[in-house]
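Note sheet for the following structure.
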Amino acid sequence: MEYAPPETAPEVLHVDAHLLVVGKPAGLLSVPGKGPALRDCVIERLRQSYPEVLLVHRLDRDTSGVMVFALTPHAQRHLGLQFEHRQVEKGYVALVSGRPTQGEGRVDLPLIVDWPNRPRQKICHETGRAAVTDWRMIGPAGPDASRIALTPRTGRSHQLRVHMLALGHPILGDSLYAEGVARDHPRLMLHAERLELRHPDGGRVMRFDLACPF
Numbered sequence: 001m002e003y004a005p006p007e008t009a010p011e012v013l014h015v016d017a018h019l020l021v022v023g024k025p026a027g028l029l030s031v032p033g034k035g036p037a038l039r040d041c042v043i044e045r046l047r048q049s050y051p052e053v054l055l056v057h058r059l060d061r062d063t064s065g066v067m068v069f070a071l072t073p074h075a076q077r078h079l080g081l082q083f084e085h086r087q088v089e090k091g092y093v094a095l096v097s098g099r100p101t102q103g104e105g106r107v108d109l110p111l112i113v114d115w116p117n118r119p120r121q122k123i124c125h126e127t128g129r130a131a132v133t134d135w136r137m138i139g140p141a142g143p144d145a146s147r148i149a150l151t152p153r154t155g156r157s158h159q160l161r162v163h164m165l166a167l168g169h170p171i172l173g174d175s176l177y178a179e180g181v182a183r184d185h186p187r188l189m190l191h192a193e194r195l196e197l198r199h200p201d202g203g204r205v206m207r208f209d210l211a212c213p214f
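If you use full-length UniProt numbering, the sequence shown corresponds to residues 1 to 214, in order.
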């Protein structure tokens, strides 16, 4: 599929001497891909106004929502350790196919890259890395879809997408994991609406929210 990034610029939600927090639009890479055709991305656009910007974490190209960047090497190290030690609270909203029979639950299924089918990931109990997602039903979203709150306790690639597929409720618009009608949406219906972390200068807890666009 040809890469056609949106013209929408990342929305600046917060900026200070250490942090830059933005709202990433769906369809835009977090970092450059291989080759000049995949150069356009969030961090490259931010460098036009913040040349010192440093990467801390990523969102999938087709996921929208809150991202934090560092503006100093100290902040990058501090934030990176928070992500590594699972001290950052993240909250997502997704529209999924079908209706879960329970109101909430936890998916605890290890993940590993599906090498013959990269970039797909797969569940593997032998060699997969631990991956845990808490989910909660928010309500119906049409005749055969549901709005779900997702809280990842680990940060594996495609974790939320594979875990919801494993529940039998793939995320709508997922070109990698959904099939049939569930795949036929203008975008991946996954949004990072909340990020809570400690500020690298002083350690105060800060929370950033971005309303879900769907």
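For each residue, glycine too, the CB sits at the ideal point set by N, CA and C. Computed from a predicted model, the values in this text were never measured in an experiment.
Using 10 angstroms around the beta-carbon of residue 97, count the other beta-carbons present and answer buried if the total reaches 16, otherwise exposed.
buried
What are the partner residues of residue 205, as DSSP defines its beta bridges? 198
Other residues of its chain near residue 62: CB distance less than 7 Å, five sequence neighbours each side excluded
26, 27, 187, 188
Would you mind reading off the limits of the beta strand (DSSP E) that contains residue 181? Residue 181 -> no beta strand (DSSP E), and no H or E assigned at all.
Inset, instruction - Ignoring anything shorter than 3 residues or poking outside the UniProt domain "Pseudouridine synthase RsuA/RluA-like" (18 to 165), list the beta strand (DSSP E) runs there in chain order. - result: 19 to 24, 64 to 70, 89 to 97, 104 to 108, 111 to 113, 121 to 123, 132 to 140, 145 to 152
Closest to residue 65 by C-alpha separation, out of 29, 182, 181, would be which residue? 29
Are the CB atoms of residue 154 and residue 129 within a distance shorter than 9 Å? yes
- Could you give the DSSP three-state label for residue 13: helix, strand or coil? strand
What residues in its chain sit with their C-beta under 7 Å from that of residue 125, if we drop five residues either side in the sequence? 110
- Quick one: is residue 10 buried, meaning 16 or more other Cβ sit within 10 Å of its Cβ, or exposed? buried
Roughly how many angstroms separate the alpha carbons of residue 86 and residue 204, rounded to a whole number?
17 Å
*asked:* Tell me the rounded alpha-carbon separation between residue 173 and residue 183.
replied: 4 Å
Between which residues of its own chain and residue 200 is the CB-CB distance below 7 Å, once the five residues before and five after are set aside? 18, 74, 75, 78, 79
(request) Tell whether a beta-carbon distance below 9 Å holds between residue 54 and residue 67. (result) no
Under 9 Å between the Cβ atoms of residue 146 and residue 213? no
*asked:* Given a cut-off of 9 Å on the beta-carbon distance, is the pair residue 95 and residue 141 in contact?
replied: yes
Check: By Cβ distance, which residues of its chain are closer than 6 Å to residue 12, with the 5 residues on each side in sequence left out?
Finding: 22
Here's the rule I'm using: 16 or more other beta-carbon atoms within 10 Å means buried, otherwise exposed. How should residue 24 be labelled?
buried
Could you compute how far the alpha carbon of residue 166 sits from the alpha carbon of residue 56? 29 Å
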